[in-house]
Structure formats: C-alpha cells, structure tokens
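In the UniProt record's numbering, the protein residues as written are 1 to 179.
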C-alpha cells in the first residue's frame, strides 16, 4: 500500500474516486465503500454518452474529446452528491492526470483517488470473465497505454487490486481517515 500527498477532507464534503483500467474491480470496491460509509455510489460508466458506449463496444478507444463531457458530467454529479450528503464514492477510470484534474475542477470538492493496480494478465482474465459489459478485452492495451499512475503530489492511494475487497475497503478507509 502506497499513499501520496494530498488534501484533507477536514470534515467537509468530499469524494472518493476508485480509479484504474477496466477490470481492476473499481465497481466492486466502490459499492462496498458506499455500503460501509452509508453514502451514494456513482458508477462512472453510467455517465458516458450513448456514442461513447457504442464506440467502446465496437472496439474503438475513446479520445480526449470523447472523454471531456463525460468527466464534466461525472465530476458535477460527484460534487452535487458530496455537498448534499457529505461523502460520495465514484468508480471512474481517471487514467490520466489531466482527467483527474478535470474531475476535481468539475466536482468543486476535495477528491481522494484510490488507484487499483495489477498486471495486464490478471486484468485480461477478469475482463474476459465479465458478462454484459461493453468494454472488450481488445481495448485493454489502449487503456494501459493511456494510464498515468498517480504521482506523489496527487491525493492518491495505490492498492494491489488482487487483494480481497474487504482488505481494500479497510486500507482505503484507514487512509482516508488518516488524511
């Protein structure tokens, strides 16, 4: 487990964004964090336009131009939910630093990023076992090529995605509580 420097929620409204490439377990961890904290969980995939989903379903990676409106919609929703309830969890790939900055700006509340990291072979295995998800395994290489791991000056925690969800929840909560 590795934490980097960042802001403190300090009792204010904030969001926890579980990030990483498709198939790392973002939704699972986000749902469990939301249940543990008794707060809303936003699925980033639900904020994609129909055009973005169709593009990915057909094996075409998104461009930054495709992503900006999606990140703005999700960021605004994170901010609104946090201001209403104090805390919100969101699952979002947030692959590049500029995407994380875009989410922060749109949210207008402190965001804590939890990066689920593991090797490409494990991710491909998980992706191929999923049913009813539009993201094909063929896009994994483009996601990994786009990925910019959080840097030391970002408010981010890197966790091993191979750990059991209960362990990931405990590690995340301990980190956020210590901020």
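Note that beta-carbon positions come from the ideal geometry of N, C-alpha and C, so glycine has one too. Since the model is a prediction, treat every value here as computed from it, not as a measurement.
Subject >> Separation of residue 51 from residue 193, as counted between CA atoms >> reply: What the structure shows of the chain is the stretch from 1 to 179, and residue 193 is not part of that stretch, so it cannot be assessed.
Original post:
Mapping DSSP to helix, strand and coil, what is residue 91?
Top reply: Position 91 of the chain shown, counting from 1, holds the residue named residue 91. The answer is strand: DSSP assigns residue 91 an E or B state.
Subject >> Whole-angstrom distance between residue 116 and residue 156, CA atom to CA atom >> reply: Translated into the one-based positions of the chain shown, residue 156 becomes position 156. Translated into the one-based positions of the chain shown, residue 116 becomes position 116. Roughly 11 Å between the two C-alpha positions.
Subject >> residue 72 - containing alpha helix (DSSP H), residue span >> reply: Sequence index remark: in the chain shown, residue 72 carries index 72 (1-based). Element bounds for residue 72: 64-85.
Subject >> Cross-strand partners of residue 15 (DSSP beta bridge) >> reply: Along the chain shown, one-based indexing puts residue 15 at 15. Beta-bridge pairing links residue 15 to 88 and 111.
Original post:
Can you list, in chain order, the residues of its chain whose CB lies under 7 Å from that of residue 32, leaving out five sequence neighbours each side?
Top reply: Along the chain shown, one-based indexing puts residue 32 at 32. If we look at residue 32 and ignore the five residues flanking it on each side, its Cβ neighbours are 165 and 169.
Original post:
Among residues of its own chain, excluding the 5 on either side of residue 37, which ones have a beta-carbon nearer than 6 Å to its beta-carbon?
Top reply: On the chain shown, position 37 is the one that residue 37 refers to. The answer, listed in chain order, is 87.
Original post:
Can you give the Cα-Cα distance for residue 109 and residue 83, rounded to whole angstroms?
Top reply: Sequence index remark: in the chain shown, residue 109 carries index 109 (1-based). Sequence index remark: in the chain shown, residue 83 carries index 83 (1-based). So the two alpha carbons sit approximately 8 Å from each other.
Original post:
Nearest-angstrom Cα distance between residue 147 and residue 34?
Top reply: As a first step, residue 147 is located in the chain shown; it is residue number 147 there, counting from the start. As a first step, residue 34 is located in the chain shown; it is residue number 34 there, counting from the start. Distance between the alpha carbons of residue 147 and residue 34 is about 25 Å.
Original post:
What is the residue span of the alpha helix (DSSP H) that residue 151 lies within?
Top reply: Numbered from its first residue, the chain shown carries residue 151 at position 151. That residue, residue 151, is in no alpha helix (DSSP H); it is neither H nor E in DSSP.
Subject >> Identity of the residue in 93, 100, 62 and 103 nearest residue 23 by Cα >> reply: Residue 23 sits at position 23 when you count from the first residue of the chain shown. That would be 93, whose Cα lies nearest to the Cα of residue 23.
Original post:
How many angstroms separate the CA atom of residue 113 from the CA atom of residue 19?
Top reply: Numbered from its first residue, the chain shown carries residue 113 at position 113. Numbered from its first residue, the chain shown carries residue 19 at position 19. Straight-line Cα distance between these residues: approximately 7 Å.
**OP:** Could you tell me the distance, in whole angstroms, from the CA atom of residue 48 to the CA atom of residue 21?
**Re:** By 1-based counting over the chain shown, the position of residue 48 is 48. By 1-based counting over the chain shown, the position of residue 21 is 21. Cα to Cα, residue 48 sits roughly 16 Å from residue 21.
Original post:
Whose C-beta lies closer than 8 Å to the C-beta of residue 159 among residues of the same chain, with five residues either side of it excluded?
Top reply: Reading the chain shown from its first residue, position 159 is the one you call residue 159. Closer than 8 Å at the Cβ level, and outside the excluded window around residue 159, lie 1, 114, 115, 116, 117, 168, 171 and 172.
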